[in-house]
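Undergrad:
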Amino acid sequence: MIELLDELAMVEKEISRLENQINLLKAEPEHNKRVHTHPALQEWELANQRSIQQEAPLAQDPCNISKRSNEKATSFEMKALHFITKAIKGDYKLSDFTHNDKAINSKRFKENTVNNNKPSKRGPLLRRPSPSRHPTPKRDQALVMSTPLHPEEDSIHKWSPNKLSENIMRCLIFIYLRLLRTSRTVELEKPIARSTDFSLSFRAETSSAGLVFPKDSRQQDPYGIFDSKESLIRDIGTYKNLVRFTSTSMDLKCIQNSACIPLFQKLKTLMDGLEKVDLRFLSHRQKLAFWINMYNACIMHGYLQYGISSASSPEKMLKLINQATLNIAGNSINAQTIERSILRKPANSQEKQILGGKEMMLHDLYGLKSSDPNIIFALCCATRSSPAVKIYTAEGVTGELERSKLEYLQASIVVTSTKKIALPELLLRNMFDFGQDMGSLVEWLCQQLPASGSLRKSIVDCFKQVNGGRASAVVEMLPYDFEFQYLFSL
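Below, the structure is given as structure tokens:
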């Protein structure tokens, strides 16, 4: 995580330095005019210009910089999704972003020429200043924009598959956080509007939606488990500190800003390396971490290509999951294939028949010998009911999955004052991976939660009321929420 923050700071520093150079170029005609009028200021001007170029301010807000730049430049005559596709493929031209600057500079050059040719009002008393002996060199903006973010890009083909997958995920998270920051939609404490299709026993209607917290409680509720007035208030763990990326955060106009170009260049380079990755000699843990990262990267990459509107319903979301593919080791693979053919092992011959020939081939090449049931707490479909996005490593993938499971359960289970329990549909859909029936599932659930935690104690209290009855009498389901949402940790 420290490496993530360091690289993000490095990108912001580069953006600030570029914007500073742009401001210098724009201010240069006025400076030259003043110097030509007052030759005594020439040496001071040159020294001041050198000091400004050496000190790139870091405190500038990229949002304000982007706003000022967009106000002064003409709007780009291209569709946002078209730009994203070109940026991801790497076939856009940096000249597309500088053609207006060239026009402005040409106009200012003509104005300077006219001003310089005008005779001075003071006649021969003032001499025309001579050119500087040692002019401050200025880097070409196009050259700076195309400079790789990290020297390791030259040796990506030498990286291990796991290191490559981790860096792809890190780059995609950077892009989403950049969009979030640029669009200014970090609203961690804003009440979340809910759909009226949810169960009324656990979901408040949209007209009265809001987080029912004590006055001194301001924790975030990403899954809306406190929407019902009957829900028992408790600490939901680390999920209360996550950053929410919603549909309002995906402002495609912000992607046209130059701040995102280095990140797309980085992503394009990493994707090129993914096409040639060698997956033949990976261990079980290495495969598990790699393919979880690839599943999440595939969907994140797909939303950047096709937009959020392409998954506005469950049917469209499934279509996007099938349509969004990555070229991995020369094979075009989508997220559904990764989950069904690689991360999960076909249980019987009937499931094998459902899989196509290509999917069975991928299973034979890359499939795990045994599936880990905890992967459901790591695979993110960019929906409101999905777990948070994380980067998984080969060395610690088992512990990371255990931690993801615990954090998801703490944030997604509802216990009410009427002694009812609501479990997320994501868990109930996969209940046979953890228990034989509802009773064994709840027993397993209590074993996973901390003994001293309030959630486990509340669940135990609910079953004390059953007195040996069926667990289904107190357990209900929280319907799956297909609203677009990503959860990121910082």
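Residue numbers for the sequence shown follow the working numbering, beginning at 1 and rising by one. Glycine included, every Cβ here is placed at the ideal spot set by N, Cα and C. These numbers come from a predicted model, not from an experiment.
Check the C-beta distance from Ser247 over to Ile308 and give it rounded, since I have them as a contact under 8 Å.
TA: Sure, about 5 Å apart at Cβ, within 8 Å.
Undergrad: Since Tyr366 and Lys457 are thought to touch, with beta carbons under 8 Å apart, how far apart are those beta carbons, to the nearest angstrom?
TA: Not a contact, Cβ separation roughly 43 Å.
Undergrad: I need the DSSP call for Phe482, collapsed to helix, strand or coil.
TA: Note: Phe482 maps to coil in three-state DSSP.
Undergrad: Does the Cβ of Lys420 have 16 or more other Cβ atoms within 10 Å, making it buried, or fewer, making it exposed?
TA: Lys420 should be labelled buried.
Undergrad: Alpha carbon to alpha carbon, how far is Thr337 from Glu359?
TA: Each residue's Cα considered, the two are about 7 Å apart.
Undergrad: Going by DSSP in three states, Asn498 sits in which element: helix, strand or coil?
TA: This structure does not reach residue 498, given that the chain is present from 1 up to 490, and the question cannot be answered.
Undergrad: Given a cut-off of 7 Å on the beta-carbon distance, is the pair Ile299 and Ala378 in contact?
TA: Not a contact, by the Cβ cut-off of 7 Å.
Undergrad: Who are the near neighbours of Pro387 in its chain, counting only those whose CB is closer than 7 Å to its CB and skipping five residues on each side?
TA: Within the same chain, Pro387 has close Cβ partners Phe377, Ala378, Cys380, Ser404, Tyr408.
Undergrad: Would you please verify whether the beta carbon of Glu275 is less than 7 Å from any beta carbon of chain D?
TA: Of the protein chains in the structure, only one exists, and it is not chain D.
Undergrad: Given this structure, state the Cα-to-Cα distance separating Leu232 from Lys240, to the nearest angstrom.
TA: Each residue's Cα considered, the two are about 16 Å apart.
Undergrad: Starting from Asn327, follow its DSSP beta bridges and name the residues at the other end.
TA: Paired residue(s): Ser332.
Undergrad: CB-CB under 8 Å to Val474, same chain, minus the five flanking residues each way: which ones, in chain order?
TA: Hits under 8 Å: Lys419, Lys420, Ile421, Cys462, Phe463, Gln465, Val466.
Undergrad: Starting from the Cα of Met438, find the closest Cα among Met169, Arg470, Thr416, Glu275 and give me that residue.
TA: Considering only alpha carbons, the answer is Arg470.
Undergrad: Can you tell me whether Met294 is helix, strand or coil according to DSSP?
TA: DSSP places Met294 in helix when its eight states are reduced to three.
Undergrad: Locate the alpha helix (DSSP H) running through Leu455, then write down its first and last residues.
TA: Note, Leu455: alpha helix (DSSP H), 454 to 464.
Undergrad: Restricting to runs no shorter than 4 residues, where is the alpha helix (DSSP H) found entirely within the segment 229 to 276?
TA: 252 to 255, 261 to 274, all fully within the segment 229 to 276.
Undergrad: Let me know if Ala448 comes out buried or exposed under the rule of 16 or more other beta-carbons within 10 Å of its beta-carbon.
TA: A small fix is needed here, since residue 448 is Gln in this sequence, not Ala. It counts as exposed.
Undergrad: Can you tell me whether Asn322 is buried or exposed, with buried defined as 16 or more other CB within 10 angstroms of its CB?
TA: Counting Cβ neighbours within 10 Å, Asn322 comes out exposed, since fewer than 16 surround it.
Undergrad: State the Cα-Cα distance for the pair Phe493 and Ala394, rounded to the nearest angstrom.
TA: Here the chain comprises residues numbered 1 to 490, so residue 493 is not present and cannot be evaluated.
Undergrad: Distance, Cα to Cα, Lys345 vs Leu441?
TA: Near 22 Å, if we compare the C-alpha coordinates of Leu441 and Lys345.
Undergrad: For Glu499, which of Trp159, His284, Val389 has the nearest alpha-carbon?
TA: It is not possible to answer for residue 499, since the shown part of the chain is limited to 1 through 490.
Undergrad: Less than 7 Å between C-beta atoms, sequence neighbours within five positions excluded: which residues of the same chain meet that for Met431?
TA: Same-chain partners within the cutoff: Leu441.
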